[in-house]
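Colleague: The structure under discussion is supplied below as structure tokens; questions concerning it will follow.
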Amino acid sequence: MIKAVSILLVFLVLAGLFIGSPFGRRVTVPDPPGPTAPSPPAPTPSPSPTPSPSPEPAPGGDENGQEAGLLEKRRAAIEEADALALQYFYDEALEVLSDPEIIDETVSAKIAGIEAAKASLVNYEGDIKHIFFHSLIVYPEMIFRNKTTPMGGYNAGFSEKAEFEKILPQLYDRGYVLYDLNECYEKVNGVMTRKEILLPPGKQPLILSVDDVAYAYGNGFAEKLIVKEDGSLVNLVKNPDGKIEEMADGDVFGVLDLFVREHPDFSYRGHKGTVALTGYQGAFGYSLETEEGQAEIMKVAGALRAAGWNFASHSYTHNSKNYFGPNSDPENIKYDTNKWISRVSPYIGRTRIFIAPFGYRVEQPGLQHILDAGFDIYCTVSHKIINELYDDYALMSRIEIGGYSMTYYKKLLNEHFFNVDEVFDDEGRPPVI
Numbered sequence: 027m028i029k030a031v032s033i034l035l036v037f038l039v040l041a042g043l044f045i046g047s048p049f050g051r052r053v054t055v056p057d058p059p060g061p062t063a064p065s066p067p068a069p070t071p072s073p074s075p076t077p078s079p080s081p082e083p084a085p086g087g088d089e090n091g092q093e094a095g096l097l098e099k100r101r102a103a104i105e106e107a108d109a110l111a112l113q114y115f116y117d118e119a120l121e122v123l124s125d126p127e128i129i130d131e132t133v134s135a136k137i138a139g140i141e142a143a144k145a146s147l148v149n150y151e152g153d154i155k156h157i158f159f160h161s162l163i164v165y166p167e168m169i170f171r172n173k174t175t176p177m178g179g180y181n182a183g184f185s186e187k188a189e190f191e192k193i194l195p196q197l198y199d200r201g202y203v204l205y206d207l208n209e210c211y212e213k214v215n216g217v218m219t220r221k222e223i224l225l226p227p228g229k230q231p232l233i234l235s236v237d238d239v240a241y242a243y244g245n246g247f248a249e250k251l252i253v254k255e256d257g258s259l260v261n262l263v264k265n266p267d268g269k270i271e272e273m274a275d276g277d278v279f280g281v282l283d284l285f286v287r288e289h290p291d292f293s294y295r296g297h298k299g300t301v302a303l304t305g306y307q308g309a310f311g312y313s314l315e316t317e318e319g320q321a322e323i324m325k326v327a328g329a330l331r332a333a334g335w336n337f338a339s340h341s342y343t344h345n346s347k348n349y350f351g352p353n354s355d356p357e358n359i360k361y362d363t364n365k366w367i368s369r370v371s372p373y374i375g376r377t378r379i380f381i382a383p384f385g386y387r388v389e390q391p392g393l394q395h396i397l398d399a400g401f402d403i404y405c406t407v408s409h410k411i412i413n414e415l416y417d418d419y420a421l422m423s424r425i426e427i428g429g430y431s432m433t434y435y436k437k438l439l440n441e442h443f444f445n446v447d448e449v450f451d452d453e454g455r456p457p458v459i
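Quick look at the structure:
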């Protein structure tokens with residue numbers, strides 16, 4: 027063991043000598059001594075780059091953006107206020123313009139104009155006129171196939187869609203404004219009184235109602251009223267080719283909505299008219315006997331209400347024999363009234379308006395059942411304009427607009443509502459009986 031260690035030590039000594047010799051390493055010969063070369067100057071550190079300042083916004087940039095936003099806010103407020111004031115929402119229009127941020131000379135002038143319009147309103151003290159329609163005849167050619175044989179029925183009590191479209195501009199030009207019947211009367215200390223009706227000079231209220239909106243008339247008429255996904259209402263109508271089409275203007279509701287959209291001042295505070303519903307045929311083309319039908323009726327009623335319509339009872343049975351006609355039985359009136367309230371009202375809401383079938387005026391004691399059910403506005407049918415007040419109810423006549431009245435009451439219609447000769451479809455209808 028000692029011998030091995032000795033050999034290893036000898037080997038290491040020899041290796042060290044070999045590495046230290048010129049043969050084992052490269053030797054650098056130093057230069058001869060001479061003047062010492064000056065050390066190179068220490069490098070001057072480069073200055074840290076100064077960060078460039080962010081570009082300044084253009085003078086007035088933020089101010090310009092704020093001013094543009096303010097101008098848009100002012101423009102939108104004026105536009106909204108104009109739309110409200112056109113439909114007699116004066117206080118609401120002034121509220122829109124009350125934001126101090128938007129006040130300038132233009133807004134101040136607009137406020138003054140609306141306040142002046144409101145101050146100019148006068149109380150209308152004349153007779154309140156009430157006209158009514160049934161569902162419109164959309165395709166007369168599907169009903170009036172024989173134009174030479176005198177015809178009653180649909181020819182007598184109904185208006186064509188084209189006739190209705192001609193009537194509306196004439197009503198508008200005569201200064202009529204669609205008014206809510208509910209806003210005409212109120213009870214004060216238990217006694218029915220007429221409310222103030224404040225309108226611009228030259229304007230007068232018009233009550234419009236639509237009867238029997240069950241869509242059970244058949245060809246030529248709308249078959250159903252439906253609510254689209256966007257909340258709009260359209261009618262389903264079978265055309266002469268037998269195809270079902272959706273029509274936004276397939277009945278009174280759609281035609282009137284389109285007209286009011288173009289003439290907003292024709293509607294007082296968004297009101298359109300009153301829908302008079304029975305129960306025995308369902309409503310709007312749906313059955314009252316099924317949950318599905320009830321749900322659809324409720325949906326349509328809600329959409330109509332949102333569009334400016336309200337509702338009236340037109341009785342449940344629409345029966346003349348021993349009900350709403352000669353020999354009227356008070357117990358039958360009670361039965362009919364209670365049935366309408368229990369079977370129809372839950373899906374359209376309560377109402378105080380009773381529109382009598384056939385315009386029949388129920389006398390006491392049968393009338394009391396109607397009054398006790400909460401109906402304190404009673405509407406009949408007549409060729410005369412009647413507004414009467416009693417302690418516990420208001421009585422108002424309605425004038426039917428259809429082939430019969432346009433044939434036999436031309437003088438009345440010409441005087442108060444429209445020029446019959448410019449409206450009546452004399453060529454498309456058979457003689458009216």
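For the sequence shown, the positions run 27 to 459 when my numbering is used. Here a beta-carbon is modelled for each residue, glycine too, at the ideal position from N, C-alpha and C.
Does the segment 241-249 touch the segment 324-340, meaning 3 or more C-beta pairs lie closer than 8 Å?
Modeller: no
Colleague: Starting from Leu393, trace the alpha helix (DSSP H) both ways and give me its first and last residue.
Modeller: Gly392 to Asp398 is the extent of the alpha helix (DSSP H) around Leu393.
Colleague: So, is Glu322 buried or exposed, given that buried needs 16 or more other C-beta atoms within 10 angstroms?
Modeller: Taking all protein chains shown into account, Glu322 has 16 or more neighbouring C-beta atoms within 10 Å of its C-beta and is therefore buried.
Colleague: Look up Asn22 in the DSSP assignment and say whether it is helix, strand or coil.
Modeller: No statement about residue 22 is possible, as the shown extent of the chain runs from 27 to 459 and does not include it.
Colleague: Comparing alpha-carbon positions, which option in Ser368, Asp362 and Arg376 lies nearest Val388?
Modeller: Comparing Cα-Cα distances from Val388 to each of Ser368, Asp362 and Arg376, the minimum goes to Asp362.
Colleague: Counting Cβ pairs closer than 8 Å, one from the segment 244-264 and one from the segment 273-280, do we hit at least three?
Modeller: yes
Colleague: Taking just the CA atoms, how far does Ser134 sit from Pro126?
Modeller: 11 Å
Colleague: For Asp130, which residues from the same chain have a beta carbon less than 6 Å from its beta carbon, with the 5 sequence-adjacent residues on both sides left out?
Modeller: Setting aside the 5 residues that flank it on each side, Asp130 has no residue in the same chain whose C-beta is closer than 6 Å to its C-beta.
Colleague: Over what stretch of residues does the beta strand (DSSP E) that includes Leu251 continue unbroken?
Modeller: Counting along the chain, the beta strand (DSSP E) containing Leu251 begins and ends at Ala248 to Val253.
Colleague: At 3 residues or longer, and completely inside the segment 140-189: list those beta strand (DSSP E) runs for me, N to C.
Modeller: 155-159
Colleague: May I ask you to report which of helix, strand or coil DSSP gives Val122?
Modeller: Residue state for Val122 is assigned as helix, using DSSP reduced to three classes.
Colleague: For Asn440, which residues in the same chain have their Cβ closer than 8 Å to its Cβ, ignoring the five residues on either side in sequence?
Modeller: Val446
Colleague: Just how far apart, CA to CA, sit Ser408 and Met273?
Modeller: Taking the Cα positions, Ser408 is about 32 Å away from Met273.
Colleague: Less than 6 Å between C-beta atoms, sequence neighbours within five positions excluded: which residues of the same chain meet that for Phe450?
Modeller: Met432
Colleague: Would you say the segment 359-378 touches the segment 394-408, given that touching needs at least three Cβ pairs under 8 Å?
Modeller: yes
Colleague: Ignore the nearest five residues each way along the sequence and tell me which others in Lys365's own chain have a CB closer than 8 Å to its CB.
Modeller: Gly305, Tyr342 and Thr343
Colleague: Who are Glu271's beta bridge partners in DSSP?
Modeller: Val263
Colleague: Among Pro391, Met422 and Leu97, whose alpha-carbon lies nearest the alpha-carbon of Phe532?
Modeller: No information on residue 532 is available, as it lies outside the stretch 27 to 459 that the chain covers here.
Colleague: Curious, which full-length beta strand (DSSP E) runs of at least 3 residues does the segment 328-361 contain?
Modeller: 335-339
Colleague: From Arg369 to Gln307, what distance separates their C-alpha atoms?
Modeller: 12 Å
Colleague: Starting from Ile233 and walking both ways along the beta strand (DSSP E), at which residues does that stretch end?
Modeller: Gln230 to Asp237
Colleague: Comparing alpha-carbon positions, which option in Ser185, Tyr349, Glu318 and His156 lies nearest Ile411?
Modeller: His156
Colleague: By the three-class DSSP mapping on this structure, what secondary structure does Thr304 have?
Modeller: coil
Colleague: Would you report the Cα separation of Phe310 and Val458, rounded to the nearest angstrom?
Modeller: 28 Å
Colleague: Among Gln320, Asp256, Asp355 and Asn358, whose alpha-carbon lies nearest the alpha-carbon of Ser371?
Modeller: With respect to the C-alpha of Ser371, the residue from Gln320, Asp256, Asp355 and Asn358 having the closest C-alpha is Gln320.
Colleague: So, helix, strand or coil for Thr316, using DSSP?
Modeller: coil
Colleague: Please state whether the Cβ-Cβ distance between Val253 and Gly299 is less than 8 Å.
Modeller: For the 8 Å CB-CB criterion, Val253 and Gly299 do not form a contact.
Colleague: Taking Gly479 as the reference, which of Gly351, Glu448 and Asp418 has the closest Cα?
Modeller: Missing from the structure shown is residue 479; the chain here goes from 27 to 459 and no further.
Colleague: Rounded to whole angstroms, how far is the Cβ of Gly228 from the Cβ of Gly201, which I believe are closer than 8 Å?
Modeller: About 5 Å separates the CB atoms of Gly228 and Gly201; that is less than 8 Å, so the two are in contact.
Colleague: For a test of the three-state rule: what should DSSP assign to Val388, helix, strand or coil?
Modeller: Three-state result, Val388: coil.
Colleague: Taking only the alpha-carbon atoms, compute the straight-line gap between Glu121 and Ser346 and give it to the nearest angstrom.
Modeller: Using only the alpha carbons, I get a separation of about 51 Å.
Colleague: So, for Leu282: in the same chain, excluding its five sequence neighbours on each side, which residues have a beta-carbon less than 6 Å away from its beta-carbon?
Modeller: Lys298
Colleague: Roughly how many angstroms separate the alpha carbons of Val286 and Leu259, rounded to a whole number?
Modeller: Those two C-alpha atoms are separated by around 15 Å.
Colleague: So the candidates are Lys437, Glu426 and Gly454; which of them puts its Cα closest to the Cα of Phe184?
Modeller: Glu426
Colleague: Buried or exposed: Ser124, going by 16 or more other Cβ atoms within 10 Å of its Cβ?
Modeller: exposed
Colleague: So, helix, strand or coil for Ile427, using DSSP?
Modeller: coil
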